[in-house]
Structures are given as structure tokens and as C-alpha cells.
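Visitor: One gets the working numbering by counting positions in the sequence shown from 1 and adding 139 to each.
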Amino acid sequence: MPVEGVPLSGAVVELEGERVTGLRSSGPASVDLGDVAVVPGLVNAHTHLDLSDFALPLAPGKSFADWIAAVIRHRTQAGSNPARAVVDGIKEIESTAATLLGDISSAADSRTALETSSLDAVVYREVIGVTKERAEASWRGFESWVKNAALSRRIVSGISPHAPYSTQTWLFEKAESNPACQIHIAETREEIDFIEKREGPIADLLQKLGFTDTSSLANSPNAIVQRFPNAIMVHVNHLVPLHFNSYRPAIVHCPATHAHFGRNRFPAKQWLDAGFRLALGTDSRASSANLNLGEHLENLMCGPDSLDPATVLRCATLNGARALGLHADHGSIRPGKLANLAVVPIGTREDLEAVISGLAHPASVLWRGKWRKSEGLANPA
Ligand SMILES: [Zn+2]
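#1: Quick check: the Cα distance between Arg402 and Thr186, rounded to an integer number of angstroms?
#2: When you compare each of Ser283, Val152, Val177, Asp174 to Ser296 by their alpha carbons, which one comes out closest?
#3: Please tell me whether, using a cut-off of 6 Å, the distance from the CB of Asp205 to the nearest non-hydrogen atom of ligand 1 is below it.
#4: Report whether the distance from the Cβ of Asp422 to the nearest heavy atom of ligand 1 is below 6 Å.
#5: Could you give the uninterrupted runs of the beta strand (DSSP E) lying entirely in the segment 439–498, keeping only those of 3 residues or more?
#6: Please name the residue or residues paired with Thr186 in a DSSP beta bridge.
#7: Please determine, among Arg279, His392, Ser445, the residue with the shortest C-alpha to C-alpha distance to Thr421.
#8: How long is the line joining the alpha carbons of Ser503 and Ser427, rounded to whole angstroms?
#9: In this structure, how does DSSP classify Asp248 when only helix, strand and coil are distinguished?
#10: Put Ser503 into one of helix, strand or coil per three-state DSSP.
#11: Look at the alpha carbon of Leu156 and the alpha carbon of Arg507, and state the distance between them as a whole number of angstroms.
#12: Between which two residues does the beta strand (DSSP E) carrying Gln409 extend?
#13: Measuring straight from C-alpha to C-alpha, what distance separates Ile363 and Ala370?
#14: Closer than 8 Å is the cut-off here; do at least three beta carbon pairs connect the segment 203–221 with the segment 458–473?
#15: Let me check understanding here. Comparing Cα to Cα, which of Glu315, Ala395, Asn431, Leu239 lies closest to Asn458?
#16: Classify Asp444 as buried or exposed, calling it buried when 16 or more other Cβ atoms lie within 10 Å of its own Cβ.
#17: Roughly how many whole angstroms lie between the Cα atoms of Pro141 and Asn183?
#18: Please say whether Ser191 and Arg424 have beta carbons closer to each other than 7 Å?
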């Protein structure tokens, strides 16, 4: 399933080192994988590895502000160990079909652990702050973090102004020139009520946290989205294509988080038809039971406005790679790209829908030309 190009039956993928060098429709091969589908490694475009220490996702609560407060309590509790959460999150994702990640880094820098993992990634350092002091401290943290970016050979460093209700607008402005940027936006109605009218549960939460002056936060989601033609917009549940004028940035939908909060069906087709590149993510274990993107795809193929399986596969691979700016190396099986492949047993069903369902439990994963060693994956002989 090369994604770029039609599926090939009985095909041979040629490899040299960590790259694909050829794709043949038939012929002899040095390894016969049997009755399987070979799919590009999935791209989990949005996660928070440093929140991987939840056995179960946090209950949605009465309001989204309740859930945010629970995340803050978790992060500040004694014994909280975000660095260990990063390692656990990486280990979990290494047992899935994903080979490329977009990770939001806040409480722990995930770059060092990712560097020794069998995953490629763009790590977006979060900047956040309702007050001037907090926003400035966050910016200083970003500046010293970015200085260490060169330490990483494979891992790309980016920035993530958290969200319009938590982050002063000047921090968004600072992020404008960064080519790797992710923003949480319009996730809930509460967020819109707060940004536009300074009311509702988010206003109450900020009051309770002692943030009485919110005048340096944005007053409309448009003010943010129209500044960032190249950033990745995450969630966009309460925006429509019109909000973006002629811009068509990549957007990320996180199906498991969406279901966890019991939200209305995400209009994936509407965004795709309007020309947006839709990528997919797992979000964190604070709102998703696991970090297995392959397990979150099935729901997109059923119900009203469902996507056809080929589109779902494209969203989970090539669109994600494009969103992260790494499509020259990732997202499809093509000569010149990295040999990042997921192998899915197809059994008696050979349709693409069955292959996508099978991505929840790949038999094996090839990462940069080598079989990935992980519990739950079996390397071919
Ligand atoms: Zn997120």
C-alpha cells in the first residue's frame, strides 16, 4: 500500500540501508513476508509523551475546565515523574504501527529519549502563560531549550504556543516565524466563550488560579488562525473552513480524545473537501486510553460522513508527514524515502478496510530499514 500510487498485489519493496530504493510489482525477494499488507509507518501527529503516566484517561468532568484543572493537579502532585512518563510513552508507541511523532513537550524534554528510540519525531516545546511573568519565564525556557536543539541528530525542534486561553498573544507572535509550530485551538465551546466574552468555566478556573488580568490573551480565534498559515492547528472543533480565509494549514484531529469527551462527530470530510490537509494524532493518555493510533482509525470509516479507507490511510500517513514537514522522508513507500513500514496480516480479507483495522496490531514494523524490537511485535525470520 504505497499510499502515493495504487495498491500493488504481490509486490516487492527493495531496500538499501535505511531507505527504500525500489518498488516492483512482482519478482523474487530475499524475504517473503507471506499474506500481509505492507503499509507506510503511521504518523502520530499530535501527542504529549510527558503525560503518558495515566493508567486511565481523566474523566471529562462537568466542564473542560474541570479536566484542565485535573491535568494541572496531576502535573504538580508529589512524585510526578514526567521524564519517566516520556520513556513509557515511547515504549508504548514503539509497539504500534507509528514510526513518526509530533510530540508536545512541556514538563520534560522528550528529545534525548527519542534520540535513542526507534521513532522519528518533531518535538514542539510548549510556551504558555496567562501573566506576563509566567509568559516571560516560559519564553526564556524555550530559548535555552532551543539552544540544545543541535544536540539532536534526528529529532526536529519546534514550538507550541499552548492555546489562546492560556498563552499571551505576544508568545504567539514570537512563534510566527518558526517553521515547526503546533497550536491547540477551538477545542471546546468553553474556549470560544472565554476568548470572545471572558466568561464561562475557563474564566472561573483562571480566577481560581489567581489570574485576574486576562487582557493580554486573544479576543478571537480568528486573530490566531489567520496569523499562522503554516502552523498545525490541533482540534479545530469549533471552527469552520471560513475562519481561515484562503489559508489552508494542516489540521490535526485526535479521534480517541474526541470520543472520550463525547463530542459531536468531527466533520473530517468537510475539512478535506475544503482543501485542508487532515492529519491524525492520539493526544495524551490524559484523554485517550492508549497511544495506539492504529486502533483509533476504524471509527473514521463508519457512520455518517465517514471517510473511505484510502483517505483514512492517507490522513494517518502522508498527510501527517506533510503536516510535520517531513514528507520527503516519511508518509509513503517510495524510492528515496526512509524504509519505515508496518506489516499487517491480511488473513482471508484483502480489502483496504480490513488492512486499516489490522493496523491496530501490526505483526512487525520496519524502522529505518531494521525490524523494530518491541514486545508485541514479531520480527520475520
Ligand atoms: Zn494536545
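Using N, Cα and C, we set each Cβ at its ideal position, and we do this for glycine too.
Guide: Once the coordinates are examined:
#1: For Arg402 and Thr186, the gap between their C-alpha atoms comes out near 19 Å.
#2: Of Ser283, Val152, Val177, Asp174, the smallest CA-CA separation from Ser296 is found for Ser283.
#3: Not under cutoff, so the answer is no.
#4: Relative to ligand 1, the nearest heavy atom lies less than 6 Å away from the CB of Asp422.
#5: Restricting attention to beta strand (DSSP E) runs no shorter than 3 residues, the segment 439–498 encloses them at 480–484, ordered along the chain.
#6: In the DSSP output, where bridge partners are listed per residue, Thr186 has Asp242.
#7: Closest option to Thr421, Cα to Cα, is His392.
#8: Computed Cα separation, rounded: 24 Å.
#9: Three-state DSSP puts Asp248 in coil, outside helix and strand.
#10: Of the three classes helix, strand and coil, the one that applies to Ser503 here is strand, per DSSP.
#11: The sequence as given places Gly at residue 156; Leu does not occur at that position. Distance between the alpha carbons of Gly156 and Arg507: 8 Å.
#12: Counting along the chain, Gln409 falls outside any beta strand (DSSP E), though it belongs to the alpha helix (DSSP H) covering 407–412.
#13: Spanning the two alpha carbons is a distance of roughly 10 Å.
#14: Counting Cβ pairs under 8 Å, fewer than three are found: no touch.
#15: When Glu315, Ala395, Asn431, Leu239 are compared, the shortest CA-CA separation from Asn458 is found for Leu239.
#16: Burial is judged here by how many other beta carbons sit within 10 angstroms of a residue's own beta carbon; Asp444 has fewer than 16 and is exposed.
#17: So the two alpha carbons sit approximately 18 Å from each other.
#18: Yes. Within cutoff.
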